Amino acid sequence: MRTRRLTGLTLLAVLLVLVVFASIALGTKVIPFANVWSALWTPTGTEDDIVIRSLRIPRTVLGVLVGVALGLAGALIQGHTRNPLADPGLLGVNMGASFLVVVGIYVFGVTTLFGYVWFAFVGAMVASAAVFLLGSAGGRGGATPVTLALAGAALTFLLSGLVSAIILIDTDTLDAYRFWNVGSLAGRDAAVAGQVAPFLVAGVLIALAGAPALNALSLGEDVARSLGQDVRRTRALGIVAITLLAGGATAACGPIGFVGLVVPHVARTFTGPDHRWLLPASGLLGAVLLLAADVVGRLVARPGELQVGIVLAFVGAPFFIALVRRRTMAAV
Amino acid sequence: MTATAAPAVKVAGRRPLRRGPVSGVWRPRNAAVIVGGLVVLVLALAVNIGRGEFPISIPEVLAVLVGGGDAGQQFIVLELRLPRSLTGVLVGGALAVAGAIMQSIARNPLASPDIIGITWGASAAAVTLIVLGGSGLVGSLAAVGLPIAALVGGLVTAVLIYALAWRKGIQGFRLVLVGIGINAMLAALVNWLLIVAQVYEAARAQVWLNGSLNARGWEHVVPVGIALVVLVPAALVLSFVMGALQYGDDTATGLGVRVNAARSALLLVGVALAAVATAGAGPIAFVALVSPQIAQRLVGSARPQIGASLVVGAALTVISDVIARTAFGAVELPVGVVTAVLGAPYLLYLLIRQGQEARA
Amino acid sequence: MTTRSDIQPAETGAQAGRVRLAAESVRLGYGERTIVDDLDLEIVQGTVTAVIGPNGCGKSTLLRALGRLLAPAKGQVLLDGKRIDRMPTKEVAAVLGLLPQAPTAPEGLTVGDLVARGRHPHQAWYRQWSADDEEAVAEALDWTGIADLAERPVDELSGGQRQRAWISMALAQGTELLLLDEPTTFLDLSHQVEVLELVTRLNTERGRTVVMVLHDLNLAARYADRLVAMKNGAIMAQGRPADVVTEPLLREVFGLEAKVVPDPVAGTPMVVPIGTRRDR
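Here's what the structure looks like:
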């Protein structure tokens, strides 16, 4: 098992280096390899240098950060709810972010990506806190997976109703919102990456530090308590980490589904259920998947590009269905 | 139906109701919910037909319905508001029954036609038509073809999900998982179509995506009505085996239920209802999910009830339509926006009350 | 309304000694994994058979196959000489009732509704509560002593009451054969005895043929006419309890060093483990 895990992680790291390089080298604008190389090490301010250094490198860095965040958030929420169907959207993160972005556009006239970030982030935070509180109120002795799922679904429907009402009344808002609503890395510069990076890094640290506690929790709350765990604290920290990760990712790129749902299932096939391995593997795999999908999206629709969220759904969903068919889903 | 000679109750809580070869259990709460729901539905219909830009009093509405009233009132009631309201009754009821069936099959309150992708299949077909075929000379053709495209989209999606979920039988959880996967693809397709579209097409698609009763006439009432006349009795007949499926596959097989056949038949009826409803008025949000849950709690039963769900779904949709039409002055919202905003707090309330009861 | 008792099975072919249910060289498993291979078993009319064996030996798998919940990968299961998988499942349900291990009921379901569900094979969508149904359910509730619980939700019952409610449901089905998968799990000793006494009454007073999976060897020896001892998916011994429960067999099947003495009450074999802690 140990060698399998190590091989898996090493392979993922190698893959990540490859897609990072592909993400820098490939894109809508065809740039010869030599120019890519010189832009990296000996830039002279040519047009190619500018494309690479001020567009592709920030985009790649953001892609890695967001991919890691979404993969980790997915593994965390599946671990905490012990539900293989859970993804960060379940906590209302996406709809909360969407709602405040729409409010930002409609009420405050915000139209820049840089401006959306704060609205999205606050919306994601508030929505996930609300779902957690409502889910706790609905369950016997705190949030249970079922009450969390129902509370998340209800809040998501409520917010999506409100979002629909606003974008139907105001066509300008719809026009801005529909582009944000399709998750994408396009047009995100270093400023956007800088805005969300602190939250994402904090989320990663909290998530990884909580891995042993999550292992105990996966044996059931009673066992975790008898092993000396503070269950409430573990849960609360978990929710904070998920919100930082998924909220930060959504704020930067818009709602990107499916990474959080699928990645942990794939990672589990070689790490097993141990979160000390599962979490890093999910993070790496999330980054590989997101960047790869982004590169594919740039190449298939030249001279335009296909948004990463759409590529992911079209590549990820058939894969997910094949996984479901192949066997009963592994327990979390 | 009355009980013959009122036999003594031999099993507490199961009072018989018998006539000839027909027999059943008398459930007062179920009957009360259905009757009460029908009363609310009729009142909501009366209000919905009366209110609007040209208010018509309820006696006048009744007069028009029996052949009186002036020409203007006749036009407004018979050609505009009545068919629109009836479409609401029919699609609301159909979605609710579809939801009750899906939740029973999956034994999961979160399962509904929107979760397993049926309504997204219809949406994807409709939005494709609006965005790619909606402009210029094919515009009018698209308007006529929209419900049919949606119907075909929903049914094709259902067949696809069913085929992919079949592995030596149909299992509820696997069906939901496959549905979620298909759902994600269709949602991505719709979102992509929305960004390649012109903004006014996107707005039209957005109205459709929210489910709207606007401009629904007799040409919507008749086909949806015919479908319901066939499908709802089928659902009621099948609810007999649906009850046995609630006990899990092993017990149901032991009771002589052909589990896969029963589940497939139920699925067929549920999918057809959802697809017809979506074709008629777009994917009206939340009705399919919340109506069976509300009905079940009002009846106090252990599983989703077809009859009570039907009435609750119809009433919820018509009440939402009243609000959508008249609450915001000149701006008319799609009915689906209101069903979500109305239904979600109620579900949260039920959830929190349940939690308090569990702790008590 | 019929005159005979409604949960009394019809008298068709109920002569003693006749094979009702048979497994013929069946291979059973899940997916690629074979659990039972090339197994033969015959269940005779009017007997109580207990299947015993260590955890994971294939007892429940065998019972599932006998109840047509699991199709054999090879071989066949015969009910009254006919292949069970080729009979309409409703026809089977009129003859053979089964209680799965850890059955689940919808939350909030009442005991009356649960037991009434046992009448499903005798009903149709328009005939859901006939006089016969009512008669049979009332009698089944009576037999299991839970008639006064009929309006209570199943999930509020104690373990013993819940188990009786499920048995009552199988009883209301009115079948000649009953398959029970560990009917005594999660019950304390007095409730275990109570359930097995019920099984005995069903057998002696109503002529039911019963096959059950049991864990407790002493109770199995006491309450069954025949024992079937399994290990690793094969039958190691079968016959009267006194012939099956022997010291060598316990060693072979369970890996247990034990003395077998006559049960002071009934004279059936009783297992006394040797163990290491006996010096007091």
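Respectively, the protein sequence lines represent chains X, W and D.
Residue numbering for the first sequence follows UniProt numbering, beginning at 1 and increasing consecutively.
Residue numbering for the second sequence follows UniProt numbering, beginning at 1 and increasing consecutively.
Residue numbering for the third sequence follows UniProt numbering, beginning at 1 and increasing consecutively.
Note that the Cβ used here is the ideal one computed from N, Cα and C, for glycine as well.
Fair warning: this is a prediction, and the values are worked out from it, not measured in the lab.
Taking the Cα positions, A106(W) is about 29 Å away from S23(W).
Using a Cβ-Cβ cut-off of 8 Å, E107(D) is close to A302 of chain W, given in chain order. For G260(X), same chain residues with a beta-carbon under 6 Å away, outside a window of 5 residues either side, are L70, A73, G74, D87, P88 in chain order.
Put simply, the stretch 244-255 of chain W touches the stretch 104-113 of chain D. At least three CB pairs are less than 8 Å apart.
Restricting attention to P212(X), A287(X), P255(X), the CA atom closest to the CA of G79(X) is found in P212(X). Here W26(W) carries a strand assignment [DSSP, helix/strand/coil]. In this structure, V66(X) sits away from L279(X), with a CB-CB distance that is not shorter than 9 Å.
A distance of 9 Å or more separates the beta carbons of I105(X) and I57(X). Contact between V341(W) and L158(X) holds, with the beta-carbon distance rounding to 6 Å and staying under 8 Å. Taken atom to atom, the span from the alpha-carbon of R82(X) to that of V338(W) is near 33 Å.
For G112(D), the closest Cβ of chain W is nearer than 9 Å. Secondary structure within the stretch 177-240 of chain D: the beta strand (DSSP E) runs of 3 or more consecutive residues, fully enclosed, are 177-181, 209-213, 226-231, 234-239 (chain order). For Q206(W), the C-beta contacts it makes with chain X under 8 Å involve S164, I167, L168, L174, in order along the chain. For A258(D), the three-state secondary structure derived from DSSP is strand. From the listed residues I195(W), T128(W), N191(W), F286(W), the smallest Cα separation to L95(W) is found for F286(W). For K259(D), no chain W residue has a Cβ inside 7 Å of its Cβ, as the nearest lies near 38 Å away. Under the 9 Å criterion on CB atoms, S130(D) is classed as interfacial with respect to chain W.
Between L90(X) and L148(X), the alpha-carbon positions lie close to 8 Å from each other. Pairing N30(W) with G88(W) gives a Cβ-Cβ distance that is not under 9 Å. Exposure of S54(X) is indicated by the presence of fewer than 16 other C-beta atoms within 10 angstroms of its C-beta. V137(D) belongs to the set of residues whose beta carbon lies under 9 Å from a beta carbon in chain W.
For the 9 Å CB-CB criterion, S291(W) and G99(W) form a contact. CA-to-CA, the gap between A22(X) and G248(X) works out to about 24 Å. Counting C-beta atoms within 10 angstroms of its own C-beta, Q293(W) has 16 or more neighbours from the protein chains shown and is therefore classed as buried. One Cα belongs to A202(X), the other to A186(X), and the distance between them is close to 24 Å. Across the stretch 59-70 of chain D, CB contacts with chain W closer than 8 Å involve R64, G67, R68, L69, in sequence order along the chain. Counting only runs of 4+ residues, the alpha helix (DSSP H) found wholly inside the stretch 66-105 of chain W occupies 71-74, in chain order.
Annotation for P72(D): V26, R27, L28, A65 place their beta carbon closer than 7 Å to its own, counting only its chain and skipping 5 residues before and after. Taking G117(W) as the centre and dropping the five residues before and after it, the same chain places the C-beta of T157, I161, G179, I182, N183, L186 closer than 7 Å to its C-beta, in chain order.
Residues of chain W whose Cβ lies closer than 8 Å to the Cβ of F99(X) do not exist, since the nearest Cβ in that chain is about 12 Å away. Residues of the stretch 21-44 of chain W that bring their beta carbon within less than 7 Å of a beta carbon in chain X are absent altogether. Identification of residues in the stretch 85-103 of chain D having a C-beta nearer than 9 Å to some C-beta of chain W yields P88, T89, K90, E91, V92, A93, A94, L96, G97, L98, L99, P100, Q101, P103, given in sequence order. Remark: fewer than three beta-carbon pairs, one from each stretch, lie closer than 8 Å, so the stretch 294-314 of chain W and the stretch 168-182 of chain X are not flagged as touching. Taken atom to atom, the span from the alpha-carbon of V204(X) to that of L249(D) is near 58 Å. Chain order gives the chain W residues near E151(D) as A12, G13, where near means a beta carbon separation below 7 Å.
Between P113(W) and A279(W), the CB-CB gap reaches or exceeds 9 Å.
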